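Residue numbers (the working numbering), protein chains in the order written: chain A, 384 to 540; chain B, 384 to 540; chain C, 3 to 79; chain D, 3 to 79.
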Amino acid sequence: MDKNVWITREPIEINDVIAKVVRPEAGAVNTFIGTVREFTKGKRTLYLEYQAYVSMAEKKLAEICDEIDQRWDNTETAIAHRVGRLEITDIAVVIAVSTPHRKDAFAASRYAIERIKEMVPIWKKEHWEDGDLWIGDQKQEKSYENRIPVKGEMENG
Amino acid sequence: MDKNVWITREPIEINDVIAKVVRPEAGAVNTFIGTVREFTKGKRTLYLEYQAYVSMAEKKLAEICDEIDQRWDNTETAIAHRVGRLEITDIAVVIAVSTPHRKDAFAASRYAIERIKEMVPIWKKEHWEDGDLWIGDQKQEKSYENRIPVKGEMENG
Amino acid sequence: MVDVLFFAELQELVGDEKLSFQAEGMTVKELKASALAKYNLANIDSAMIAVNEEYADEDTVLASGDIVAFIPPVSGG
Amino acid sequence: MVDVLFFAELQELVGDEKLSFQAEGMTVKELKASALAKYNLANIDSAMIAVNEEYADEDTVLASGDIVAFIPPVSGG
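Quick look at the structure:
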């Protein structure tokens, strides 16, 4: 695969994502992996269903990589997000960022996941024992009405 | 393998470390991977040689897991460190921490690598074109003379 | 023609992931008020708008071949 | 007997990873001043001390069977 960001229906191989960013200039790789959690606020999840506006989501993921590139010196970022039905402990997202020194790797990886949750067109539907619901606005910090998400918004979050 | 921390002469399989911490209660896994960087301050590294006081190092790594357990709610931590000769881009250390929510995963993973660099008896020897040297005190923040490293020291670093 | 894409709960309410309308020259706001009114999409105003895969505001005037997408609050990650 | 372990540059200077001394009843400081003096280990005072795999200070009194390790500034990770 040539590109550093992708949406897939297949299980994500963590090593594939990390392999995109390992390089001689880097001494640190930070990886964030989002997995399906069984309980949220005491409620049991049976499984999740992820949906994406694939073409736009990949474009936005690539933009996040560019934003990271502009904010931190000498980074390489790769992001894979899965869609379809995911069971408990399945991997939904893998982010890998490599940098020369570790501090930047942590910061950039954190930035990536916050930006994904802010503006990448991917949705999850929770399936519980007693029903299901498309989840929106996980950050619960703001209304999205008539708003265009801007760069760096997460820093106020 | 039963234990969550180990020192090995073999290449570290990232998935083995992550598999130790993935679980239904966790929605976030942060992984820190230290790789061998080619250039440090303009000087080219040919390869590294890592040495450990293995029994004590594993004990100290386990202590770091315990410290994380005490500081953050509901964490699972695994750490593998390689010893012997490592080439450029080879993986020296893999840390994985799983938590219910992502903020703690990032913080705990960062804590782990800082504590490793502070107090786990592992050393690296840099091999350059014009010589070699055992590297000490990477943090260059303090003298180790007659001091016992204490918990939480990194937070002042 | 203008293609209109729906996701998540909006897709379920509309019963389709894509509809096409003769909406050339309309703003997105006008599109919502006219063609989409009959679907009773209660939450459509909390969806962000994308035109041709870029976030846009609802005063954007549509041209033939444009792809409009309504983006409910996202929940990836 | 007390086993004494050396690592990194100390190991290279000593030429051995382990030496044994009759150091029962001595403090680590006394061990350094007596048995280890002849090795001219310039940096030994910047090494931390471990006794039986726990960090200790140099006033620790040694007993038979103890394992002392000199831990130069670490550089793992």
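Virtual Cβ for every residue (Gly too), placed ideally from N, Cα, C.
Just so it is clear, the structure is predicted and the values come from calculations on it, not from any experiment.
Going along the chain, which residues of its own chain have a beta-carbon closer than 6 Å to the beta-carbon of residue i, five neighbours each way excluded?
i: alanine 495 of chain B; result: Ile447 and Ile478
i: isoleucine 471 of chain B; result: Val419 and Glu421
i: alanine 52 of chain D; result: Ala71 and Ile73
i: valine 16 of chain D; result: Phe8 and Tyr41
i: glycine 467 of chain B; result: Arg392
i: leucine 21 of chain C; result: Val6
i: isoleucine 69 of chain D; result: Asp5 and Asn54
i: serine 526 of chain B; result: Residue confidence is low: serine 526 of chain B scores 39 on pLDDT, short of 50, so the model does not pin down where it sits. Its coordinate-derived value is still stated next. Taken in chain order, the list of residues that qualify is empty.
i: alanine 491 of chain A; result: Ile451, Trp455, Thr458 and Val480
Here's a check: name, in chain order, each residue in its chain whose Cβ is nearer than 7 Å to the Cβ of residue i, leaving out the five neighbours to either side.
i: lysine 386 of chain B; result: none
i: alanine 10 of chain D; result: Pro74
i: glutamate 408 of chain B; result: Asn457 and Pro483
i: glycine 410 of chain B; result: Pro483 and His484
By the DSSP assignment, the alpha helix (DSSP H) with residue i in it spans what residues?
i: asparagine 398 of chain A; result: 397-402
i: valine 16 of chain C; result: 10-16
i: glutamate 26 of chain C; result: Looking at the DSSP string, glutamate 26 of chain C is not in any alpha helix (DSSP H), and its letter there is neither H nor E.
i: aspartate 487 of chain A; result: 485-502
With DSSP run on the structure shown, which of helix, strand or coil describes residue i?
i: serine 48 of chain C; result: helix
i: aspartate 61 of chain D; result: coil
i: glutamate 55 of chain C; result: coil
i: alanine 475 of chain B; result: strand
i: asparagine 529 of chain A; result: Low confidence applies here, because asparagine 529 of chain A scores a pLDDT of 36, under 50, leaving its location unreliable; read the following figure in that light. Correct three-state label for asparagine 529 of chain A: coil.
i: leucine 33 of chain D; result: helix
i: lysine 20 of chain C; result: strand
i: alanine 337 of chain A; result: The structure shown has nothing for residue 337 of chain A, since chain A only spans 384 to 540.
i: alanine 39 of chain C; result: helix
i: aspartate 68 of chain C; result: coil
i: aspartate 5 of chain C; result: strand
i: glycine 79 of chain C; result: coil
i: arginine 386 of chain B; result: Per the sequence presented here, residue 386 of chain B reads as lysine, with arginine not at that position. Note: lysine 386 of chain B maps to coil in three-state DSSP.
i: lysine 424 of chain B; result: coil
i: glycine 417 of chain B; result: strand
i: alanine 411 of chain A; result: strand
i: valine 405 of chain A; result: coil
Near residue i, what residues of its chain come up, given a Cβ to Cβ distance below 8 Å and the 5 sequence neighbours on each side ignored?
i: leucine 12 of chain C; result: Leu43, Asn45, Ile46, Ala49, Phe72 and Pro74
i: lysine 403 of chain A; result: Asn387, Glu459, Ala461 and Ala479
i: tryptophan 511 of chain B; result: Lys426, Arg427, Thr428 and Leu429
i: glutamine 400 of chain B; result: The question names glutamine, yet the displayed sequence has valine at residue 400 of chain B. Counting only Cβ-Cβ distances below 8 Å, and skipping sequence neighbours, we find Thr414, Ala461, Ile462, Ala463, Val477, Ile478 and Ala479.
i: isoleucine 518 of chain B; result: Trp506, Lys507, Lys508 and Glu509
i: aspartate 452 of chain B; result: Thr458 and Thr460
i: serine 66 of chain D; result: Met3, Val4 and Glu26
How would you write the range of the beta strand (DSSP E) that residue i sits in, first residue to last?
i: leucine 444 of chain A; result: Looking at the DSSP string, leucine 444 of chain A is not in any beta strand (DSSP E); the run it does join, the alpha helix (DSSP H), is 437-454.
i: lysine 508 of chain A; result: 505-511
i: glycine 514 of chain B; result: 514-518
i: glutamate 393 of chain A; result: No beta strand (DSSP E) holds glutamate 393 of chain A; DSSP gives it neither H nor E.
i: arginine 468 of chain B; result: 467-470
Cβ of residue i versus every heavy atom of the ligand SAH: is any distance shorter than 7 Å?
i: asparagine 45 of chain D; result: The ligand SAH is not part of this structure, which contains no ligands at all.
Requested in this report: Could you say if the segment 442-456 of chain B and the segment 414-432 of chain B meet the contact criterion of at least three C-beta pairs nearer than 8 Å?
Outcome: Contact fails: fewer than three Cβ-Cβ distances are below 8 Å.
Query raised in the report: Counting pairs of beta carbons, one from the segment 460-479 of chain B and one from the segment 499-509 of chain B, are three or more of them closer than 8 Å?
Result: Three or more beta-carbon pairs separated by less than 8 Å link the segment 460-479 of chain B to the segment 499-509 of chain B, which places the two stretches in contact.
Query raised in the report: Counting Cβ pairs, one atom from each stretch, are 3 or more of them under 8 Å apart for the segment 48-62 of chain C and the segment 484-494 of chain B?
Result: As far as the Cβ criterion goes, the segment 48-62 of chain C does not touch the segment 484-494 of chain B, which means the pair count is below three.
Report task. May I ask you to list, following chain order, the residues of the segment 492-508 of chain B that have a beta carbon less than 9 Å from some beta carbon of chain D? Result -> Listed in sequence order: Ile496, Glu497, Ile499, Lys500, Glu501, Met502, Val503, Pro504, Ile505, Trp506, Lys507 and Lys508.
Requested in this report: Identify each residue in the segment 413-443 of chain A for which the Cβ-Cβ distance to at least one residue of chain C is less than 8 Å, and report them in chain order.
Outcome: Residues Gly417, Tyr433, Gln434, Ala435, Tyr436, Ser438, Met439, Ala440 and Lys442.
Requested in this report: Could you please tell me which residues of the segment 462-492 of chain A, in chain order, have their CB closer than 8 Å to any CB of chain C?
Outcome: Along the segment 462-492 of chain A, going in chain order, the ones with a CB nearer than 8 Å to a CB of chain C are His464, Ala475 and Val476.
**Report entry** the segment 34-62 of chain C: positions lying closer than 7 Å to chain A by Cβ
**Finding:** Listed by position, the residues of the segment 34-62 of chain C near chain A (Cβ gap below 7 Å) are Asp47, Ser48, Met50, Ala52, Glu55, Tyr57, Asp59 and Glu60.
Requested in this report: Please name the residues in the segment 7-20 of chain D whose beta-carbon is closer than 7 Å to at least one beta-carbon of chain B, in chain order.
Outcome: Of all residues in the segment 7-20 of chain D, Leu7, Phe9, Ala10 and Glu11 have a Cβ within less than 7 Å of some Cβ in chain B.
Report task. Taking only beta carbons into account, state which residues of the segment 397-409 of chain A come closer than 8 Å to chain B, listed in chain order. Result -> Of all residues in the segment 397-409 of chain A, Ile397, Asn398, Ile401, Val405, Arg406, Pro407, Glu408 and Ala409 have a Cβ within less than 8 Å of some Cβ in chain B.
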